[in-house]
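Q: Provided herewith is a single structure, encoded as structure tokens, for subsequent inquiry.
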Amino acid sequence: MVTLKPAVFLDRDGVIIEDSHYLGDPNRIRLVPGSADAIAALNRAGWPIVVVTNQSGVARGLFPPESVELVHDQLRQLLAGYGARIDAFHYCPHHPEAELPEFRQECICRKPRPGMLTRAARELGIDLAASWMIGDRESDLAAGAAVGCRTVLVRTGYGSQVNAATLDRDTLNLEMIAANLADAVAKLGLTSRGKV
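Residue numbers (the working numbering): 333 to 528.
This is how it looks when you write it as structure tokens:
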């Protein structure tokens, strides 16, 4: 019998890296201050880290899927310099109003739908109900809540514009609103309980 393990799911733009709007160029990556150290701390505590990110720039014809892979390769290298790693990247290239017909669809992977999380859970043996989803948009939180994850909104990226008073905390399983990823990891105590 396989023992499932909890994980931390992270949105990419606005949480780990600065949101530069349709990022297809690896040279434009800028880490959110403290995010790499926070991921390294989660790694040391034994949490699998999975990035789940909507990338409609592909659907809009702004860059090909290969550019997303190049961005992720560069991000892996940048994080490695801090002793940090991502265990898996999942991205959705679709959009219901895509410029490119092959990406124009109502998919199950585009957040707020939870397809990327359920796929990662199958591949990595993740206990979704014991996991966390940290993002800067309500759609991130909704995707996590849809599969039973507890959620955290960070105030970096788009999160600086979210009106917390309008959020349905119960429906979103919202545990906390944090200044940034490092603040969330520290306040949740995710690195203080040792190996998960």
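Positions of the beta carbon are idealized from the N, C-alpha and C atoms, including for glycine.
Buried or exposed for His427, going by 16 or more other Cβ atoms inside 10 Å?
A: buried
Q: Touch check for the stretch 428-446 and the stretch 399-410: three-plus C-beta pairs under 8 Å?
A: Too few Cβ pairs lie closer than 8 Å, so no.
Q: For Ala452, which residues in the same chain have their Cβ closer than 8 Å to its Cβ, ignoring the five residues on either side in sequence?
A: Taken in chain order, the residues that qualify are Ala339, Phe341, Val382, Val384, Ala420, His422, Ile458.
Q: Please name the residue or residues paired with Leu342 in a DSSP beta bridge.
A: Val383, Ile466
Q: Compare the beta carbon distance of Gly366 and Leu394 with 8 Å and say whether it is the shorter of the two.
A: no
Q: Could you tell me which of Ala477, Ala475, His404 sits nearest to Ile349, measuring between CA atoms?
A: Of Ala477, Ala475, His404, the smallest CA-CA separation from Ile349 is found for His404.
Q: Can you give the Cα-Cα distance for Leu473 and Ser388, rounded to whole angstroms?
A: 18 Å
Q: Whole angstroms is fine: what's the gap from Lys443's alpha carbon to Ser471's?
A: 6 Å
Q: Can you tell which of Arg445, Ala518, Val347 has the C-alpha that lies nearest to the C-alpha of Ser492?
A: Val347
Q: Apart from the five residues just before and just after Ala368, which ones in its own chain have a Cβ nearer than 6 Å to its Cβ?
A: Leu411, Tyr414, Ala416
Q: Tell me whether Asp468 is buried or exposed, calling it buried when 16 or more other Cβ atoms sit within 10 Å of its Cβ.
A: buried
Q: As a quick exercise: from Ile466, Val494, Pro433, pick the residue whose alpha carbon is nearest that of Ile371.
A: Ile466
Q: Which residue from Ala462, Ala478, Arg487 puts its Cα closest to that of Met508?
A: Between Met508 and the set Ala462, Ala478, Arg487, the nearest pair of CA atoms involves Arg487.
Q: Which runs of the alpha helix (DSSP H) fall wholly inside the stretch 358-429 and span at least 4 residues, in chain order?
A: 367-376, 388-391, 397-412
Q: Of all the options Arg360, Thr335, Leu374, which has the alpha carbon lying nearest to the alpha carbon of Ala518?
A: Leu374
Q: Would you mind working out which of Pro425, Met448, Asp500, Leu522 sits nearest Ser399, comparing C-alpha positions?
A: Pro425
Q: Looking only at its chain, what residues have a beta carbon closer than 8 Å to the beta carbon of Arg362, apart from the 5 residues adjacent to it on each side?
A: Ile349, Glu350, Ser352
Q: As a quick exercise: from Ala496, Thr503, Leu513, pick the residue whose alpha carbon is nearest that of Arg344.
A: Leu513
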